Every structure is written in structure tokens, then in C-alpha cells.
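Chemist: All you need for our numbering is the position in the sequence shown, starting with 1, plus 7. Positions of the beta carbon are idealized from the N, C-alpha and C atoms, including for glycine. All values derive from a computational prediction rather than experimental measurement.
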Amino acid sequence: MKSLDTNIFARWIMRDDTVQAAAADAVLGQPFQITTSVLVELGWVLGSIGGMGRSDLARSLGLILNLPTANVEGGSVVRWAVERFATTGDLADLVHLASSTGAEAFGTFDKQLLKDAGPNAPIIVLDLNP
């Protein structure tokens, strides 16, 4: 299985280079891994460079994560982060939170993240504000 770089997924979604998009189609047809760091960078690329809004961005990330050939680092909790991002929050913050499920809690000073995580967060979010 190959772990893939952000640019593979960006070409697959944006289709802005026909040769690279075709190559991306081929590689995504085989089992692949997507890491959380690549997912966060892809969110930035599609939003900043690709100009995608929240709903299109969440839908595009969901397409990748739900491909039958996808092996997602963090699995269901990372999918939770993308689903949550579809309606609220910062993608990177939600992925950081989801990636911390092996810990007893996720501590933050970020009051907005406390709200964005919601009651069904995969880990307890602690408000560390003094």
C-alpha cells in the first residue's frame, strides 16, 4: 500500500491537470493510505488555492475518505472530524482533536474549539483557561 501526498488528492478533486488527474485516478484505484497531516494540508489547498467553501470542501474530503481503497489514518474519528467540519469548526483543530483519542483528554485554551467539538466529540475536551 502506498501513502500518498497532498498533490495526488488535489489533482483528483480539482481535475486541473488532465495528465496528473488520470494518474491520480489510477493510483486511487489501488489501496492507499491518507495521513492526517496530508488531510489537513489538502483542506488548506482546496480552500485557499481551490477556492472551495466549507460544504464543498467537506464533501470532497468525504469522497476521498470513503473510497473503498482508502486506508485513513485515524479511521472513524477522522471521518467524524470531517463530518463535524461540514457544519462548524476549523478542520485542523477538529483533526487534532480526533487524532488524540488515545489520550485521556484533549486540553485547549481555544474556547471556540470547546463549542465546535460538540457533545459527541470522540474525546473529552478540557478547557485549560486560567
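1) To which residues of the same chain is residue 81 closer than 7 Å at the C-beta, ignoring the five residues directly before and after it?
2) Given this structure, state the Cα-to-Cα distance separating residue 30 from residue 9, to the nearest angstrom.
3) Look at the alpha carbon of residue 102 and the alpha carbon of residue 21, and state the distance between them as a whole number of angstroms.
4) Cβ of residue 47 versus every heavy atom of the ligand MG: is any distance shorter than 7 Å?
5) Can you list, in chain order, the residues of its chain with a C-beta nearer than 7 Å to that of residue 95? Leave out the 5 residues immediately preceding and following it.
6) Suppose contacts are defined by Cβ-Cβ distances below 8 Å. Is residue 89 in contact with residue 72 by that definition?
7) What does DSSP give as the partner residue(s) for residue 9 in the beta ladder?
8) By the three-class DSSP mapping on this structure, what secondary structure does residue 78 have?
9) Give me the Cβ distance between residue 125 and residue 91, rounded to the nearest whole Å; I'm assuming they're in contact under 8 Å.
Modeler: This is what the structure holds:
1) Translated into positions along the sequence shown, residue 81 becomes position 74. Residues 43, 105 and 106 of the same chain have their beta carbon placed closer than 7 Å to that of residue 81, with the five preceding and five following residues left out of the count.
2) Taking the sequence shown and counting its residues from 1, the one referred to as residue 30 is at position 23. Taking the sequence shown and counting its residues from 1, the one referred to as residue 9 is at position 2. Straight-line Cα distance between these residues: approximately 14 Å.
3) For the purposes of this step, residue 102 is identified with residue 95 of the sequence shown, where counting begins at 1. For the purposes of this step, residue 21 is identified with residue 14 of the sequence shown, where counting begins at 1. Spanning the two alpha carbons is a distance of roughly 22 Å.
4) Ligands displayed in this structure: none; no statement on the ligand MG is therefore possible.
5) Your numbering for residue 95 matches position 88 in the sequence shown. Once the five neighbours on either side are set aside, the close Cβ partners of residue 95 are 123.
6) For the purposes of this step, residue 89 is taken as residue 82 along the sequence shown, with counting starting at 1. For the purposes of this step, residue 72 is taken as residue 65 along the sequence shown, with counting starting at 1. Yes, these two residues count as a Cβ contact at 8 Å.
7) For the purposes of this step, residue 9 is identified with residue 2 of the sequence shown, where counting begins at 1. 39, per the DSSP bridge assignment.
8) As a working note, residue 78 is residue 71 in the sequence shown. DSSP places residue 78 in strand when its eight states are reduced to three.
9) For the purposes of this step, residue 125 is identified with residue 118 of the sequence shown, where counting begins at 1. For the purposes of this step, residue 91 is identified with residue 84 of the sequence shown, where counting begins at 1. Confirmed, Cβ separation roughly 7 Å.
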